[in-house]
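A.B. asks: Quick note on numbering: numbering that gives the first Met the number 0 labels position 16 of the sequence shown as 15, and the sequence is numbered without any gaps.
All residues carry an ideal CB built from backbone N, CA and C; glycine is no exception.
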Amino acid sequence: MLPREQAATEIATHIAKFWEPRMRHELMAHVRLGDMAMHPLLVAAAEHFVDHEINRGDLREASG
């Protein structure tokens, strides 16, 4: 199992690579509303978008 922060970063990278913009916007809307049903790792991943912590080099690599 990955450490929490690493897992959140990898989830955020996956979202940036494969989710359409409208899906990312919907995710962020749920986070802003404090959706209590969301998994804490998904919330942490979404926070990477807010903090702009996505490594653009990772977006060019194949998902592994």
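1. A7 lies in the alpha helix (DSSP H); which residues open and close that run?
2. Could you tell me the distance, in whole angstroms, from the CA atom of R23 to the CA atom of I10?
3. With a threshold of 6 Å on Cβ separation, who are the neighbours of A43 within its own chain once the five nearest residues in sequence on each side are excluded?
4. In the DSSP assignment, find the alpha helix (DSSP H) that holds M22 and state where it starts and stops.
C.D. replies: Based on what the coordinates show:
1. Here residue 7 refers to the residue found at position 8 when the sequence shown is read from its first residue. Its alpha helix (DSSP H) spans residues R3 to F17.
2. Start at 1 with the first residue of the sequence shown, and residue 23 comes out as number 24. Start at 1 with the first residue of the sequence shown, and residue 10 comes out as number 11. Going by the C-alpha atoms only, they are around 12 Å apart.
3. Here residue 43 refers to the residue found at position 44 when the sequence shown is read from its first residue. Closer than 6 Å at the Cβ level, and outside the excluded window around A43, lie A7.
4. For the purposes of this step, residue 22 is taken as residue 23 along the sequence shown, with counting starting at 1. Taken as a continuous stretch (DSSP letters only), the alpha helix (DSSP H) holding M22 covers P20 to R31.
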